[in-house]
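In our numbering, the protein residues as written are -10 to 175.
What follows is the structure in structure tokens.
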């Protein structure tokens, strides 16, 4: 499966080039480190990791969090345009990597649903009726809402109409990197 991911050039050089493999280092993951107040990023990651373990098997020894990449961005399954807003926030020298990861080692999900639901600890409502019930129905109990919310999260795996599809996998071996583009060079 052809995927794309970005990382700081230093990270690429100090992991992939040095060790031949990249795994997520939680002590250097800004999103998890900045997750001080409510720990929702950590809970969302743990949920995804449990789904990954079920779909592709548990994380290898020493791996805590998955590697994230794009399968499809803006409806395209091809190299992303580095001028897009998704890449503008990166500071310092970066690399865009084109990857070839075996299908059976990858879990695909809808990035919009993931962001709106899991990262915001909310339900993914597909209809106005669900939305009205979840947010406004005075007869719905907190327990019913929580059950609905957790079930709705599995909708992120319905990607047939998704514009932005993210991929998660446990490790990135150097041999799975097919092309490299450097950007934000100084």
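Beta carbons: idealized from backbone N, C-alpha and C, even for Gly. None of the values given here were measured: they were computed from a predicted structure.
Exercise for the section: Grab me the residues of residue 130's own chain with a C-beta within less than 7 Å of its C-beta, minus the 5 sequence neighbours each way, in chain order. Expected result: Your numbering for residue 130 matches position 141 in the chain shown. Result list for residue 130: empty, nothing under 7 Å.
Practice task
For the alpha helix (DSSP H) holding residue 37, just list the boundary residues, first then last.
Solution key: Locating residue 37 in the chain shown gives position 48, where the first residue counts as 1. It spans 29 to 45 - the alpha helix (DSSP H) in which residue 37 sits, taken as one unbroken run.
Problem - Nearest neighbour of residue 38, chosen from 30, 55 and 108 [CA to CA] - result: Looking up residue 38 in the chain shown gives position 49. Ranking 30, 55 and 108 by Cα distance to residue 38 puts 55 first.
Problem - residue 87 - DSSP class collapsed to helix/strand/coil - result: In the chain shown, the residue the question calls residue 87 occupies position 98. Strand at residue 87.
Problem - Of the residues 163, 153, 167 and 43, the one placed nearest residue 65, counting alpha carbons only - result: On the chain shown, residue 65 is found 76 positions in, with the first residue counted as 1. Selected option, being the one with the closest Cα: 153.
Handout entry: Opening and closing residue of the beta strand (DSSP E) in which residue -3 lies
Key = Reading the chain shown from its first residue, position 8 is the one you call residue -3. From DSSP, the beta strand (DSSP E) with residue -3 extends over -9 to -3.
Practice task
Pull up the distance between the alpha-carbon of residue 76 and that of residue 114, whole angstroms please.
Solution key: Translated into positions along the chain shown, residue 76 becomes position 87. Translated into positions along the chain shown, residue 114 becomes position 125. If you take the alpha carbons of residue 76 and residue 114, they lie about 29 Å apart.
Exercise for the section: Kindly provide the ranges of any alpha helix (DSSP H) runs that are 4 or more residues long and lie completely inside the stretch 78 to 129, ordered along the chain. Expected result: 117 to 125
Handout entry: Where residue 102 falls, given that 16 or more other Cβ within 10 Å makes a residue buried
Key = On the chain shown, residue 102 is found 113 positions in, with the first residue counted as 1. Classification for residue 102: buried.
Problem - For residue 146, the residue or residues it bridges with in DSSP - result: In the chain shown, residue 146 corresponds to position 157, counting from 1. The partner list for residue 146 (beta bridge, DSSP) is empty, contrary to what the question assumes.
Handout entry: Pairwise C-alpha distance: residue 0 and residue 116
Key = Taking the first residue of the chain shown as 1, we reach residue 116 at position 127. Taking the first residue of the chain shown as 1, we reach residue 0 at position 11. Roughly 42 Å separates the two Cα atoms.
Handout entry: Rounded separation between residue 144 and residue 15 - CA only
Key = For the purposes of this step, residue 144 is identified with residue 155 of the chain shown, where counting begins at 1. For the purposes of this step, residue 15 is identified with residue 26 of the chain shown, where counting begins at 1. Straight-line Cα distance between these residues: approximately 26 Å.
Exercise for the section: Quick one: give me the first and last residue of the alpha helix (DSSP H) that residue 136 is part of. Expected result: The residue you call residue 136 lines up with position 147 of the chain shown. Start and end: 131 to 141.
Exercise for the section: Determine the contact status of residue -7 and residue 58, defining contact as a CB-CB distance below 7 Å. Expected result: Reading the chain shown from its first residue, position 4 is the one you call residue -7. Reading the chain shown from its first residue, position 69 is the one you call residue 58. Yes; because the gap between Cβ atoms is below 7 Å, this pair is in contact.
Practice task
Buried or exposed for residue 89, please, with buried defined as at least 16 other CB atoms from any protein chain shown within 10 angstroms of its CB.
Solution key: For this step, residue 89 is matched to residue 100 along the chain shown. Classification for residue 89: exposed.
Problem - C-beta atoms of residue 174 and residue 82 nearer than 7 Å - result: Within the chain shown, numbered from 1, the residue matching residue 174 stands at position 185. Within the chain shown, numbered from 1, the residue matching residue 82 stands at position 93. Contact: yes.
Practice task
Report buried or exposed for residue 155, applying the criterion of at least 16 other Cβ atoms within 10 angstroms of its Cβ.
Solution key: As a working mapping, residue 155 is identified with position 166 in the chain shown. Result: buried.
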